[in-house]
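Residue numbers (the working numbering), protein chains in the order written: chain A, 1 to 257; chain V, 1001 to 1257.
The structure appears below as structure tokens.
2 protein chains.
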Amino acid sequence: MVGRSEDRYAAGVPPLPTDQSEQSDRPAPSAGRTARALARAELTRAILDSARHQLAEVGPAGLSLRAVARDLDMASSAVYRYFANRDTLLTALLVRTYDDLGAAAEEADAGPGVDPGTRLVAVGRAFRAWARAHPHEYALLYGSPVPGYVAPADTVAPATRITRVLLDIAASVPGAADRPADPAAHLDAVTAAAIAPVATLTDRPLAPESVARSLHAWATLVGAVSLELFGHLHRAVLDHDAHFEHVLRQVVTDLGA
Amino acid sequence: MVGRSEDRYAAGVPPLPTDQSEQSDRPAPSAGRTARALARAELTRAILDSARHQLAEVGPAGLSLRAVARDLDMASSAVYRYFANRDTLLTALLVRTYDDLGAAAEEADAGPGVDPGTRLVAVGRAFRAWARAHPHEYALLYGSPVPGYVAPADTVAPATRITRVLLDIAASVPGAADRPADPAAHLDAVTAAAIAPVATLTDRPLAPESVARSLHAWATLVGAVSLELFGHLHRAVLDHDAHFEHVLRQVVTDLGA
DNA sequence: CCTCGCGCAAGAGCAGTGCTCTCGTCGTGG
DNA sequence: CCACGACGAGAGCACTGCTCTTGCGCGAGG
Chain A
1 MVGRSEDRYA AGVPPLPTDQ SEQSDRPAPS AGRTARALAR AELTRAILDS ARHQLAEVGP
61 AGLSLRAVAR DLDMASSAVY RYFANRDTLL TALLVRTYDD LGAAAEEADA GPGVDPGTRL
121 VAVGRAFRAW ARAHPHEYAL LYGSPVPGYV APADTVAPAT RITRVLLDIA ASVPGAADRP
181 ADPAAHLDAV TAAAIAPVAT LTDRPLAPES VARSLHAWAT LVGAVSLELF GHLHRAVLDH
241 DAHFEHVLRQ VVTDLGA
Chain V
1001 MVGRSEDRYA AGVPPLPTDQ SEQSDRPAPS AGRTARALAR AELTRAILDS ARHQLAEVGP
1061 AGLSLRAVAR DLDMASSAVY RYFANRDTLL TALLVRTYDD LGAAAEEADA GPGVDPGTRL
1121 VAVGRAFRAW ARAHPHEYAL LYGSPVPGYV APADTVAPAT RITRVLLDIA ASVPGAADRP
1181 ADPAAHLDAV TAAAIAPVAT LTDRPLAPES VARSLHAWAT LVGAVSLELF GHLHRAVLDH
1241 DAHFEHVLRQ VVTDLGA
């Protein structure tokens, strides 16, 4: 009578195929260990998908391993065969989400040959559109860090995809590789050194001044979207579309594009 | 034998005064209802203080009513006599924190009569300094919203204190009340209308173009601090002080100050 | 062809959470 | 002086992440 809540969901319910129709014969006794490995990969993916859906609904803090297990009609303990802890699952989710956003940004970028300002506007819009379409995912990426969780190195590469897009655009601005003509615009050595590693994200030559402009643009975009999505402009700004378009125009001007 | 974890902390432990020495005679039978009300106010404050400390240590998501109760040597259920919900406690914390930050910003602002650029730099530095000194509180204010929690109207006024400081500074820029001389810099009607309510935060006259500049500056500051504090520039930027100073310079330029 | 072993899922259980309800106490106002 | 109301404590519910043990089923080795 104890622990009834555990199997309540498996009571009179038929197997309920997760997405594909084959599930009761999932271990498919066809090619031995290969099939097992396949099944494992599939279930891993199914868990990730379910977690993704749950994340989109209740946010990172409400992500529950047990709910994922219920969703997939398995015991909560079985999930741990695939993800050692909640953090591991979170990392996989993080990588997937960064990649998702990075892909959206890359797709929105028209690429070299197009006016940098136009490119930046397109990517900025795509960034905001993605964030608005996936607010909880955005919060996962750019909101408060999960307490006690430190993102492993695996997440760095996907996380920098969108930054790289911005840097590429900045690099396509004429003269981005050279120091600005105006000596007053020169960066001091300390600041230049501080942001130097950022330039390695792109292959194209980029003067520190341009790197700084990119970071400035990036910070503004993140700030604007965060303020909007996290409700800080909720009562103050009426038309967020119009406001963001204006921010974009300013960002383009700042980038010198 | 069940529920032992509840009273474990009150076992052989002496009353342990919270901070002041008087505690066992807290109800102080002196002036009737006044004393009771006083004691109640004191305990409410003590709970808030404890929650504040816990917040600073484990972050908003890890804030636990039971831990607060343990800290104050009372039963967890007793806390509910003072705060109906975790959300109620969160709201009180939010108001207190917004006020804390707002006060820091106001204190950093040299006020009218000083060059707007200098004021903006000072407030920007104060904002970042406060955020770095209270990272979890910053996350509470400007990080992911707590799922299921919607900030009540009480939090709006404290939340806008720092915005008001920025608007005041923008209003002190010469010509901030007038439309810019350059017609190309004129805001279109839609954008102007979108941000119009923001201008009501300050008493000083402010052209929509200046309001937009303020919002732009605010977004950049929040973005820069969020990126730094939430670890997104962790591996990319070496000297965050230098980088932020550069951002500040750009923000000042953008404000036209 | 049978049996062993390994991978896996399931269940129970632990410690913790927010929150509710009940009960005993204690001080105060009628 | 007594009843009422505020209050603290404790038990309990439903939930969480995570661990440990048990048992099942499949493929491979003898």
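Each residue gets a CB set at the ideal place from its N, CA and C atoms; glycine is no exception.
Because the structure is a prediction, the values reported are computed rather than measured.
V/Gly1231 reaches chain A at Pro145, Val150 and Ala151, counting residues in chain order whose Cβ is nearer than 9 Å.
For A/Ala177, no Cβ of chain V is located within less than 9 Å of the residue's own Cβ.
Residues of chain A with a Cβ closer than 8 Å to the Cβ of V/Thr1220 are, in chain order, His216, Ala219, Thr220 and Gly223. Closest by C-alpha distance to V/Ala1122, out of V/Gln1054, V/Arg1249 and V/His1134, is V/Arg1249.
By the CB criterion at 9 Å, V/Ala1236 and V/Arg1128 fall outside the cutoff. For a Cβ distance threshold of 7 Å, nothing in chain V lies close to A/His134: the least Cβ distance comes to about 13 Å. In the structure shown, the three-state DSSP call for A/Tyr138 is helix. Per DSSP, reduced to three states, the secondary structure at A/Val251 is helical. In the three-state reduction of the DSSP assignment, A/Arg52 falls in the helix class, which pools H, G and I. Per DSSP, the unbroken alpha helix (DSSP H) holding V/Arg1125 starts and ends at Pro1116 to Ala1133. Three or more beta-carbon pairs drawn from the stretch 1076-1088 of chain V and the stretch 1036-1054 of chain V are found closer than 8 Å, and the two stretches are therefore classed as touching.
Going by DSSP, A/Ala199 is part of the alpha helix (DSSP H) stretching over Ala189 to Ala199. Around A/Asp87, the same chain offers Tyr149 as residues with beta carbons nearer than 7 Å, after the five sequence neighbours per side are excluded.
Using a C-beta cut-off of 8 Å, the stretch 1094-1112 of chain V makes contact with the stretch 1162-1171 of chain V, since at least three inter-stretch Cβ pairs fall below that distance. Distance between A/Ala199 and V/Gln1054, taken at the CA atoms: about 39 Å. In this model, A/Ala157 and A/Thr220 are separated by some 22 Å (Cα to Cα). For V/Arg1081, there is no enclosing alpha helix (DSSP H), as DSSP marks it with neither H nor E. Using a Cβ-Cβ cut-off of 9 Å, V/His1246 counts as an interface residue toward chain A, since at least one Cβ of chain A sits closer than that to its own. Within chain V, Tyr1142, Leu1215, Trp1218, Ala1219, Val1222 and Gly1223 have C-beta atoms less than 9 Å from the C-beta of A/Leu227, given in sequence order. A distance below 7 Å between beta-carbons, with the five flanking residues on each side excluded, links A/Ala51 to the following residues of its chain, in chain order: Leu63, Val68, Leu89 and Leu93.
Check the Cα spacing between A/Ile195 and each of V/Val1247, V/Ala1194 and V/Glu1057: the tightest is with V/Val1247. Using a Cβ-Cβ cut-off of 9 Å, A/Pro183 does not count as an interface residue toward chain V, since no Cβ of chain V sits closer than that to its own. If you ignore the 5 residues before and after A/Leu227, its C-beta comes within less than 7 Å of the C-beta of Leu233, all in its own chain and listed in chain order.
When the Cα atoms are used, V/Thr1191 and V/Pro1180 turn out to be separated by approximately 15 Å. Closer than 9 Å to the CB of A/Arg96 there is not a single CB belonging to chain V. Counting the other Cβ atoms within 10 Å of the Cβ of A/Glu57 gives fewer than 16, which makes it exposed.
Counting C-beta atoms within 10 angstroms of its own C-beta, A/Glu107 has fewer than 16 neighbours from the protein chains shown and is therefore classed as exposed. Ranked by how close their Cα comes to the Cα of V/Leu1187, the residues V/Pro1174, V/Ser1172, V/Val1173 and V/Ala1207 have V/Ala1207 in first place.
Going by DSSP, A/Asp71 is part of the alpha helix (DSSP H) stretching over Leu65 to Asp71. Against chain A, the beta carbon of V/Gly1117 has no neighbour under 9 Å; the closest one sits roughly 15 Å away. The continuous alpha helix (DSSP H) containing V/Pro1208 extends over residues Pro1208 to Leu1229. Taking all protein chains shown into account, A/Gly59 has 16 or more neighbouring C-beta atoms within 10 Å of its C-beta and is therefore buried. By the rule that beta-carbons nearer than 9 Å mark a contact, V/Gln1250 touches chain A. For V/Arg1204, same chain residues with a beta-carbon under 7 Å away, outside a window of 5 residues either side, are Asp1168 and Ala1171 in chain order.
For V/Val1156, the uninterrupted alpha helix (DSSP H) segment begins and ends at Val1156 to Ala1159.
With a cutoff of 9 Å on beta-carbon distance, V/Ala1139 and V/Leu1229 are scored as near each other.
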